[in-house]
Amino acid sequence: MTLLVQQPLSLYIHIPWCVEKCPYCDFNSHTFRKSNGQQDIPEMDYVDALIKDLDDDIDRFNIAGRTLHSIFIGGGTPSLFSPEAIASLLEQVYQRLPASDDMEVTLEANPGTVEAGKFSGFADAGVTRLSIGVQSFASDKLIKLGRIHDTEQALNAAALAKNSGVKSFNLDLMHGLPNQSVEGALDDLQQAIALGPDHLSWYQLTIEPNTAFASKPPKLPQDETLWTIQEQGSQLLKDNGFTQYEISAFSQPNKQSAHNLNYWRFGDYLGIGCGAHGKVTNLHTGEITRTIKVKHPKGYLTPARAALDHINVVQKDELPFEFMMNQLRLREAFPISRFSETTGLETKLLDKPLSQALIKGLLSTSHDNWQVTPLGHRYLNDLLEMFL
Ligand SMILES: C[S@@+](CC[C@H](N)C(=O)[O-])C[C@H]1O[C@@H](n2cnc3c(N)ncnc32)[C@H](O)[C@@H]1O
Ligand code: SF4
12 MTLLVQQPLS LYIHIPWCVE KCPYCDFNSH TFRKSNGQQD IPEMDYVDAL IKDLDDDIDR
72 FNIAGRTLHS IFIGGGTPSL FSPEAIASLL EQVYQRLPAS DDMEVTLEAN PGTVEAGKFS
132 GFADAGVTRL SIGVQSFASD KLIKLGRIHD TEQALNAAAL AKNSGVKSFN LDLMHGLPNQ
192 SVEGALDDLQ QAIALGPDHL SWYQLTIEPN TAFASKPPKL PQDETLWTIQ EQGSQLLKDN
252 GFTQYEISAF SQPNKQSAHN LNYWRFGDYL GIGCGAHGKV TNLHTGEITR TIKVKHPKGY
312 LTPARAALDH INVVQKDELP FEFMMNQLRL REAFPISRFS ETTGLETKLL DKPLSQALIK
372 GLLSTSHDNW QVTPLGHRYL NDLLEMFL
């Protein structure tokens with residue numbers, strides 16, 4: 012085993028509730044019942060359960076006092092929680108795992124759950140980055156996507172985020188929507204750019220199994236249209252100062268998501284909350300352990316029940332593929348030493364697939380740094396299969 016190097020530690024916190032289930036969404040999200048017009052989310056009970064879950068992880072991995080580099084509060088719809096609940100959650104996390112000086116704390120927000128003052132409340136609670144799920148600015152598309160907000164609310168949420176006191180904000184957009192034209196997709200991007208976000212996540216709509224769209228598929232654009240949207244959209248973003256640093260992630264200079272970068276560079280993260288995934292490396296034994304937490308809020312909130320649902324040590328022969336599946340999403344060149352620093356394995360294990368990918372023009376190399384070529388991005392699945 013070669014020498015492992017301690018990677019940054021991140022924390023993912025899952026909030027599992029949404030107002031409505033969107034027909035394309037396969038994330039672990041559950042609609043909540045309303046009673047007497049009041050929202051019915053047991054947020055303080057959930058914060059208590061999250062902290063218990065965190066304490067168990069800290070004991071399990073013996074990492075009390077290790078510095079945290081980023082937190083991502085995702086969902087579901089975390090913006091359904093009150094700023095007070097988020098403040099209490101963050102305060103208790105930092106009592107256990109201190110924050111680094113350049114700590115990034117992202118919170119996902121749905122434009123339909125934002126009223127004036129809520130974003131600045133999140134900023135006061137310690138959130139440094141808001142990620143707003145806009146998806147589209149076109150009314151007909153928002154209806155088709157089952158979104159709970161309209162165009163006006165999407166525009167308003169972005170304006171509120173800009174003035175809330177957070178350091179940066181991201182907009183989530185999707186393209187390749189039912190009956191979407193190239194012009195429609197580019198118009199969504201233009202409107203997003205005009206709002207001045209620091210980061211844009213621009214996903215192509217995929218039909219996921221076990222969703223309402225899977226049982227009743229909408230009419231999606233032809234492959235040729237999808238390709239033109241991809242090409243012209245990426246160019247439009249580039250012309251407006253955004254660098255594509257990952258398959259679907261575009262940022263202004265120095266505004267990448269530190270949290271997601273840590274995933275893709277094969278760093279460590281704890282995952283707490285319903286269905287959350289974690290990955291932690293033991294520097295002494297070289298073992299990489301993955302955890303998954305209880306998925307349903309009812310089970311997760313049962314006091315007698317442990318939050319852990321599944322735990323396994325990743326087999327060594329799975330690590331080349333796992334490492335590449337993450338790293339090759341990124342556009343950056345990476346030092347090949349990162350493989351041994353994060354897995355403890357010799358880089359010579361990669362010699363054969365790396366040279367095959369080089370010959371096929373899917374990867375390029377210079378001074379022990381490797382990078383995916385444009386051809387490699389186009390045929391990413393073929394490239395990844397070489398590491399299986
Ligand atoms: C974890 S979701 C949560 C965001 C937040 N709940 C919202 O919808 O406003 C993060 C993002 O993934 C994207 N997404 C979700 N399902 C998708 C799908 N089937 N295809 C492509 N992108 C998807 C959406 O852009 C969404 O904003
Ligand atoms: S609001 Fe977000 S997490 Fe909730 S169902 Fe819709 S896409 Fe999924």
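Residues in the sequence shown are numbered from 12 upward in steps of one, following my numbering.
C-beta: ideal position from N, C-alpha, C; glycine also.
Being a predicted model, the structure only gives us computed values, none of them experimental.
Proximity to residue i [Cα-Cα], best of the options
{"i": "Ser81", "options": "Thr139, Ser93, Cys33", "result": "Thr139"}
{"i": "Ala344", "options": "Asp328, Gln382, Ser377", "result": "Gln382"}
{"i": "Phe180", "options": "Thr222, Phe133, Ala196", "result": "Phe133"}
{"i": "Gly157", "options": "Ser175, Ala172, Gly123", "result": "Gly123"}
{"i": "Arg342", "options": "Gln326, Leu200, Ala260, Glu219", "result": "Ala260"}
{"i": "Ser111", "options": "Pro19, Lys63, Asn271", "result": "Pro19"}
{"i": "Trp28", "options": "Ser366, Thr88, Asp67", "result": "Thr88"}
{"i": "Met397", "options": "Ile370, Glu102, Gly282", "result": "Ile370"}
{"i": "Lys290", "options": "Thr302, Ile240, Val104, Arg340", "result": "Thr302"}
{"i": "Met185", "options": "Gly86, Ala168, Ile240, Asn167", "result": "Ile240"}
{"i": "Ala315", "options": "Ile24, Lys63, Leu141", "result": "Lys63"}
{"i": "Ala60", "options": "Asn39, Val104, Glu31", "result": "Val104"}
6 angstroms Cβ shell around residue i - same chain, five flanking residues per side excluded
{"i": "Thr162", "result": "Phe148, Ser150"}
{"i": "Thr358", "result": "Ile347, Phe350, Ser351"}
{"i": "Leu200", "result": "Gly244, Leu247"}
{"i": "Asn380", "result": "Ala344, Pro346"}
Through-space distance from residue j to residue i, alpha-carbon basis
{"i": "His288", "j": "Gly372", "result": "34 angstroms"}
{"i": "Glu219", "j": "Ala225", "result": "6 angstroms"}
{"i": "Lys308", "j": "Cys285", "result": "The amino acid occupying residue 308 in the given sequence is Pro; Lys does not appear at that position. Near 6 angstroms, if we compare the C-alpha coordinates of Cys285 and Pro308."}
{"i": "Asn337", "j": "Asn271", "result": "10 angstroms"}
{"i": "Val125", "j": "Leu171", "result": "9 angstroms"}
{"i": "Arg71", "j": "Ile52", "result": "29 angstroms"}
{"i": "Tyr35", "j": "Glu235", "result": "22 angstroms"}
{"i": "Gly128", "j": "Ser175", "result": "8 angstroms"}
{"i": "Ser192", "j": "Trp213", "result": "16 angstroms"}
{"i": "Val16", "j": "Glu54", "result": "37 angstroms"}
{"i": "Lys227", "j": "Phe277", "result": "37 angstroms"}
{"i": "Phe296", "j": "Lys230", "result": "The sequence given here has Thr at residue 296, not Phe. Cα-Cα distance, rounded: 51 angstroms."}
Residue i burial status per 10 Å Cβ neighbour count (16 or more: buried)
{"i": "Ala205", "result": "exposed"}
{"i": "Trp238", "result": "exposed"}
{"i": "Ser377", "result": "exposed"}
{"i": "Ala136", "result": "buried"}
{"i": "Gln233", "result": "exposed"}
{"i": "Gly76", "result": "exposed"}
Neighbourhood of residue i by C-beta distance below 7 angstroms, restricted to the same chain and skipping five residues each side
{"i": "Leu360", "result": "Pro331"}
{"i": "Ala165", "result": "Pro122, Val145, Phe148"}
{"i": "Tyr256", "result": "Ser262, Gln267, Leu341, Arg342, Glu343"}
Contact with chain B by residue i, beta-carbon distance below 8 angstroms
{"i": "Asp209", "result": "The structure shown contains no chain B; it holds only a single protein chain."}
Same chain only: Cβ atoms within 8 angstroms of residue i, ignoring 5 sequence neighbours per side
{"i": "Cys33", "result": "Leu156, Gly157, Arg158"}
| Continuous beta strand (DSSP E) assignments of at least 3 residues falling wholly in the region 16-91 | Correct list: 20-26, 79-86.
| Which ranges would you report for the beta strand (DSSP E) in the region 260-295 if only whole runs of at least 3 residues count? | The qualifying runs are 260-262, 279-284, 288-292.
| task | Could I get the ranges of all uninterrupted alpha helix (DSSP H) runs contained in the region 199-269, with 4 residues as the minimum, in chain order? | result | 223-226, 234-250, all fully within the region 199-269.
| request: Could you name each continuous beta strand (DSSP E) segment of 3 residues or more that falls completely within the region 113-191, going from the start of the chain to the end? | output: Qualifying beta strand (DSSP E) stretches, in chain order: 140-146, 179-186.
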